[in-house]
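Asker: Sharing a structure, written as structure tokens. Questions coming.
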Amino acid sequence: MGLTSILANYATLYINDEYMGLFVLTDAYKLPWIEQVYGEKDSIHLYKCLGAHLSNDNINNCENENDDIVDPTEISEEWSSFIETIINAKSAEDIEDIFEVDHFIKEMAIEYLLGAWDHLQLGHNFYLYKQPNGKWIYLTYDHDHSFGINLDRIFLGILIVDLPERLERINLDYPNYSFSDWTQSRHLIDILILKDPTRFNQAIKEIVETVFNPATLFPHIDELKKFIRPYAQKDYTPNEEGKYPGRINTLGINPYTFEHWEANSEFTSVITLQYNAYGIKYWILAKYRNVCKTYDLECDPVYLDENFKYDVDENIEFKGYDLSSYDLSSLYEQYQRTENSLEPTSTIIGPTPTAEPTSYETNSEYDVGYDVGYDAEVETEVDSEFDSETETETL
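Going by the working numbering, the first residue of the sequence shown is number 200, and it counts up by one from there.
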């Protein structure tokens, strides 16, 4: 695809000869990476962005990664000038000479196809780097929320059940969202994609033809599963004391089993600690069908065939949120009593995912600033019984 990105690999971790589990070991956008990839030693042009939408409201939410800068004035002026140019731009032509526009558009196309929502859309998990050629480039990391996992957190949020009929007007059929339904209003997205989608449409076509299609991805998923299956199974095998490898904080253990791993990496959607996760192959199939139709692409008729067969594990399949035990009128009364509280009584509602397009009213404005308490980037100090000797075995 010609995109700049970090690499990842699987690794098994041992501490004092005790098996701690299978992990994904990744590069990081740090100064040594910049030196290795771009040849720039001790760069002063790499910024990590948290809570940043690249606007005047959060211009200072991207921090320079070089801690040894003596005089920050020049760096601050460089950053401010870049953001000001971005904010004032009206079209791609206004920033083409300072920003890797095509790279950014491809990144947005990939995020849309993968159902990846945890980057610019939420203002974090990305870096901006001014390359030696003078152009800034958008770099993403932390791709765990991809393939449609926990999308209810974004488009549904934590819903107060005041008018249950409102649910019938909310479109939760995420694979069939258009890009305009999917995205938030971000200035870069507005001027580079929504205002003129020509280059974005071409990026979608290129990505679908080369990689984002079942014929390419399904065998690759099968290959990866075969490779890591023994390690994944070991992760879900308790020892003689009933403990699983690497589980120290038992309060946060996910009731996710090896059977969930097998099924969810295929076509079965499962419940998660947050909301739910589409089956990976299901998301690919459903999204592939959607973009093939939307962008009038020449696609594989095998996977466009509505009679294409796939298996779903009904024993663990997520079938929607069960409200049968809830008294909605009582919940609404509780909400009225606590409407001024910081923590109103709430519940989560949503239908079963479907690969078929359905007409609903789309709720796409999801920059609501809620604090759900999940997946925050935190540092945790753990009193451990282990010494500091560690051993990592790369697979």
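Here a beta-carbon is modelled for each residue, glycine too, at the ideal position from N, C-alpha and C.
(1) Which complete beta strand (DSSP E) runs does the segment 256-315 hold, if anything under 3 residues is left out?
(2) Could you give the residue range of the beta strand (DSSP E) that holds Tyr509?
(3) Sorted by chain position, which residues of the same chain lie with C-beta nearer than 7 Å to Asn400's C-beta, five sequence neighbours on each side aside?
(4) Leaving out the 5 sequence neighbours to the left and right, which residues in its chain are closer than 7 Å to Val511 when beta-carbon positions are compared?
(5) List the whole-angstrom C-beta distance separating Leu472 from Arg488, where the pair is believed to meet the contact cut-off of C-beta under 8 Å.
(6) Would the segment 435-450 and the segment 335-344 be scored as touching if the rule is three or more Cβ pairs under 8 Å?
(7) Are there 16 or more other CB atoms within 10 angstroms of the CB of Leu423, so buried, or fewer, so exposed?
(8) Does the separation of the CB atoms of Ala251 and Asn260 fall below 8 Å?
(9) Less than 8 Å between the beta carbons of Leu393 and Leu253, yes or no?
(10) How many whole angstroms separate the CB atoms of Pro374 and Trp482, which I take to be in contact at a CB cut-off of 8 Å?
(11) Only counting the same chain, and skipping five residues up and downstream in sequence, which positions put a Cβ closer than 8 Å to that of Ile294?
(12) Find the nearest neighbour of Ile369 within the set Asp351, Pro429, Tyr237, Leu391, judged by alpha-carbon distance.
(13) Assuming His302 contacts Cys248 under a Cβ cut-off of 8 Å, what Cβ separation, rounded to an integer in Å, is found between them?
(14) Tell me His323's beta-bridge partners as DSSP assigns them.
(15) Just list the residues that DSSP pairs Ala207 with in beta bridges.
(16) Using the beta-carbon count (16 or more within 10 Å), is Ser280 buried or exposed?
(17) According to the neighbour-count rule (16 or more other Cβ atoms, all chains shown, within 10 Å of its Cβ), is Asp317 buried or exposed?
(18) Starting from the C-beta of Pro437, find all residues in its chain whose C-beta is less than 6 Å away, skip the five residues before and the five after it, and write them out in chain order.
(19) Taking the beta strand (DSSP E) that Tyr520 falls in, what are its first and last residues?
(20) Starting from Ile390 and walking both ways along the alpha helix (DSSP H), at which residues does that stretch end?
(21) Just how far apart, CA to CA, sit His459 and Tyr477?
(22) Return the chain-ordered list of same chain residues with a C-beta closer than 8 Å to the C-beta of Val410, the five sequence neighbours on each side being excluded.
(23) State the Cα-Cα distance for the pair Leu319 and Tyr311, rounded to the nearest angstrom.
(24) Please report how far the alpha carbon of Glu217 lies from the alpha carbon of Asp389, in whole angstroms.
(25) Just verifying my parser: in three-state terms, what is the DSSP assignment at Thr415?
(26) What residue range is occupied by the uninterrupted beta strand (DSSP E) comprising Leu338?
(27) Assuming Tyr237 is part of the alpha helix (DSSP H), what are its boundary residues?
Answerer: Checking against the coordinates, here is how it stands:
(1) 261-263
(2) Boundaries cannot be given for Tyr509, as no beta strand (DSSP E) includes it and DSSP labels it neither H nor E.
(3) Tyr494
(4) Phe466, Thr467
(5) Not quite, the Cβ-Cβ distance comes to about 29 Å (not below 8 Å), so this is no contact.
(6) no
(7) exposed
(8) yes
(9) no
(10) 6 Å
(11) Thr284, Ile285, Ala288, Val300
(12) Asp351
(13) At roughly 16 Å, the Cβ-Cβ gap does not stay under 8 Å, so His302 and Cys248 are not in contact.
(14) Leu249
(15) Looking at the DSSP assignment, Ala207 forms a beta bridge with Thr225.
(16) exposed
(17) buried
(18) Tyr443
(19) Note, Tyr520: premise wrong, no beta strand (DSSP E); not H, not E.
(20) Per DSSP, Ile390 belongs to no alpha helix (DSSP H) and is neither H nor E.
(21) 12 Å
(22) Met200, Leu416
(23) Our two residues, Leu319 and Tyr311, have alpha carbons roughly 12 Å apart in a direct line.
(24) So the two alpha carbons sit approximately 51 Å from each other.
(25) Reduced to three states, the DSSP call for Thr415 is helix.
(26) 335-339
(27) Counting along the chain, the alpha helix (DSSP H) containing Tyr237 begins and ends at 230-237.
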